[in-house]
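Peer 1:
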Amino acid sequence: MILAVSSQKGGVGKTSVTINLAYSLAKRGWRVLVADTDTQGSIGLSLSKRAKECRGLYDSLRTGEPFSKLVLSTRLPGLKILTTGRCDFDLEESLDEEETKTQLGSLIRSTSNFDCDVVIIDTPAGVGPVTRTVIANSDRVLVVEQAEPLGLRSLPLMMETLTRLRQRGSQFGLVGVVLNMVNQDREESIHAARDLRSIAPQGSVLRTIIPRDDSFLQASGKGIPLGMLMKNPPQAALVFDQLAAEIEPTLNLSNQTDEQRQHSELLD
Ligand SMILES: Nc1ncnc2c1ncn2[C@@H]1O[C@H](COP(=O)(O)OP(=O)(O)O)[C@@H](O)[C@H]1O
Ligand SMILES: [Mg+2]
Numbered sequence: 025m026i027l028a029v030s031s032q033k034g035g036v037g038k039t040s041v042t043i044n045l046a047y048s049l050a051k052r053g054w055r056v057l058v059a060d061t062d063t064q065g066s067i068g069l070s071l072s073k074r075a076k077e078c079r080g081l082y083d084s085l086r087t088g089e090p091f092s093k094l095v096l097s098t099r100l101p102g103l104k105i106l107t108t109g110r111c112d113f114d115l116e117e118s119l120d121e122e123e124t125k126t127q128l129g130s131l132i133r134s135t136s137n138f139d140c141d142v143v144i145i146d147t148p149a150g151v152g153p154v155t156r157t158v159i160a161n162s163d164r165v166l167v168v169e170q171a172e173p174l175g176l177r178s179l180p181l182m183m184e185t186l187t188r189l190r191q192r193g194s195q196f197g198l199v200g201v202v203l204n205m206v207n208q209d210r211e212e213s214i215h216a217a218r219d220l221r222s223i224a225p226q227g228s229v230l231r232t233i234i235p236r237d238d239s240f241l242q243a244s245g246k247g248i249p250l251g252m253l254m255k256n257p258p259q260a261a262l263v264f265d266q267l268a269a270e271i272e273p274t275l276n277l278s279n280q281t282d283e284q285r286q287h288s289e290l291l292d
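Residue numbers (the numbering used here): 25 to 292.
#1: Which of the three DSSP states is assigned to residue 292 in this structure?
#2: Going straight from the alpha carbon of residue 130 to that of residue 273, what length do you get?
#3: Between the segment 77–87 and the segment 105–117, can you find at least three pairs of beta-carbon atoms closer than 8 Å?
#4: Within 7 Å: the Cβ of residue 39 and any heavy atom of ligand 2?
#5: For the 8 Å Cβ check, are there 3 or more pairs between the segment 44–60 and the segment 136–147?
#6: How should residue 126 be labelled, buried or exposed, when 16 other C-beta atoms within 10 angstroms of its C-beta is the threshold for buried?
#7: Here's the rule: buried if 16 or more other CB atoms are within 10 angstroms of the residue's CB, otherwise exposed. What is residue 63?
#8: Helix or strand or just coil, what does DSSP make of residue 272?
#9: DSSP on residue 83, reduced to helix/strand/coil?
#10: Could you check if residue 17 is buried or exposed, using at least 16 other CB atoms within 10 Å of its CB as the buried criterion?
#11: Taking DSSP as the reference, what is the three-state secondary structure of residue 25?
#12: Between the C-alpha atoms of residue 288 and residue 50, what's the straight-line distance to the nearest angstrom?
#13: Between residue 45 and the rest of its own chain, which residues show a CB-CB distance below 7 Å, the 5 nearest in sequence each way excluded?
#14: What does the alpha-carbon distance come out to for the pair residue 284 and residue 215?
#15: Nearest CA to the CA of residue 226: which residue from 249, 200, 47, 36?
#16: Is the closest heavy atom of ligand 1 to the C-beta of residue 216 under 7 Å?
#17: Between residue 40 and residue 196, how many whole angstroms is the CB-CB distance? I'm expecting something under 8 Å.
#18: Check whether the segment 145–154 and the segment 203–212 are in contact - that is, three or more C-beta pairs closer than 8 Å.
#19: Given the structure, does residue 182 come close to ligand 1, in the sense that its CB is under 7 Å from one of the ligand's heavy atoms?
#20: For residue 259, count neighbouring Cβ atoms within 10 angstroms of its own Cβ and tell me buried if that reaches 16, exposed if not.
#21: Spatial neighbours of residue 134 within its chain, please: C-beta separation below 6 Å, excluding the five flanking residues on both sides.
#22: Using 8 Å as the threshold, is the segment 177–191 in touch with the segment 159–169, meaning 3 or more CB pairs across them?
#23: Which whole runs of the beta strand (DSSP E) in the segment 174–208 are 3 residues long or more, in chain order?
#24: For residue 191 and residue 27, what's the separation of their Cα atoms in angstroms?
#25: Could you have a look at residue 33 and say whether DSSP puts it in helix, strand or coil?
#26: Run the CB neighbour count on residue 67, radius 10 Å, all protein chains shown included, and call it buried at 16 or more, exposed below.
#27: According to DSSP, simplified to helix, strand and coil, what is residue 235?
#28: Comparing C-alpha positions only, which one of 204, 158, 100, 236 sits nearest to residue 248?
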């Protein structure tokens, strides 16, 4: 199962959602691979200084080396990371070309052969060639929107992009739209969240909303998911457990499969 995390607008929390959702899913017993396709390398930057220097997805694209050799393990069993690696000027430029997009698409698809339950792919800001290629080769898409008036402009554009990609034959499903940085104390934020629900395709906005919380800044500064920030994780960390539980069925991650998987591991 390949899940792309995307948005039309930058800075809305894609990388934060990717890392924290992956952490919650891994804690809930799923084997998760996070892959970073942002040429700015945000997962690498955010997760560890060591990861920043590691080879990753774009090295695999450039050299043809199997990506599976470049995957990093983390302190949490079940959570693995493929950083962005080095995307040099020539490669970045060629990402507009059909041949490179086809190669990137095959690389994305090939992650489904990796030994894990779900691959979560962080994408760059906007819906440029990389994001479109990732979405077109994913099974599901999770859209992140910021609960603010500008979101009202970007959500329809994102939905239009998804419709166009489907019209061209891509077969991904929409997991939903997750509202981030919701400030329950501000009327503007509550109104924006309500208005986003009204313009989004019916039922597509997820029940779980992510609050605006300073702990995100602290966590990204330290390069860790919120759940690892302190002994008692901040309230915002628990929201990702809720988000994971809400979307597991759409990702075909059911408890039955979980039990079956544990049994098969016991028998080995
Ligand atoms: N719910 C939130 N509350 C407060 N700050 C947040 C929240 N989500 C993300 N941020 C902060 O906003 C900034 C942009 O988030 P990021 O995840 O990098 O967005 P994107 O990947 O869409 O560019 C980061 O500094 C991050 O720590
Ligand atoms: Mg990002």
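C-beta atoms are modelled at their ideal positions from N, C-alpha and C, and glycine is treated no differently. Keep in mind that this is a model prediction, so the values were computed, not measured.
Peer 2: Looking at the atomic coordinates:
#1: Its pLDDT being 47, under 50, residue 292 is placed unreliably by the model, and the measurement read from it follows with that caveat. Reduced to three states, the DSSP call for residue 292 is coil.
#2: For the pair residue 130 and residue 273, the Cα-to-Cα distance works out to about 26 Å.
#3: Yes, the segment 105–117 is in contact with the segment 77–87.
#4: Yes, ligand 2 has a heavy atom inside 7 Å of this Cβ.
#5: Verdict: yes, contact present.
#6: Within 10 angstroms of the beta-carbon of residue 126 lie fewer than 16 other beta-carbons, which makes it exposed.
#7: Result: buried.
#8: It is coil, neither helix nor strand.
#9: Three-state result, residue 83: helix.
#10: Look at the range of the chain in this structure, 25 to 292, and you will see that residue 17 is not part of it.
#11: Secondary structure of residue 25 (DSSP, three-state): coil.
#12: Since pLDDT at residue 288 reaches only 49, below the 50 mark, its modelled position is unreliable, and no value is offered.
#13: Excluding sequence neighbours, residue 45 sits near 144, 264, 267, 268.
#14: Confidence in residue 284 is poor, its pLDDT being 48 and thus under 50, which makes the residue's placement too unreliable to answer from.
#15: Each of 249, 200, 47, 36 was checked against the Cα of residue 226, and the nearest Cα belongs to 200.
#16: No, Cβ of residue 216 sits at least 7 Å from all heavy atoms of ligand 1.
#17: 22 Å between Cβ atoms; not a contact.
#18: Touching, no, given that fewer than three Cβ pairs across the two stretches are closer than 8 Å.
#19: Flag unset: Cβ of residue 182 not near ligand 1.
#20: Exposed, by the Cβ-count rule.
#21: Result list for residue 134: empty, nothing under 6 Å.
#22: Two segments are said to touch when three or more pairs of C-beta atoms, one from each, lie closer than 8 Å; by this definition the segment 177–191 touches the segment 159–169.
#23: Those beta strand (DSSP E) runs which fall completely within the segment 174–208 and span 3+ residues are 197–206.
#24: C-alpha separation (whole angstroms): 19 Å.
#25: Reduced to three states, the DSSP call for residue 33 is coil.
#26: Flag for residue 67 reads buried.
#27: Strand, per DSSP.
#28: It is 100.
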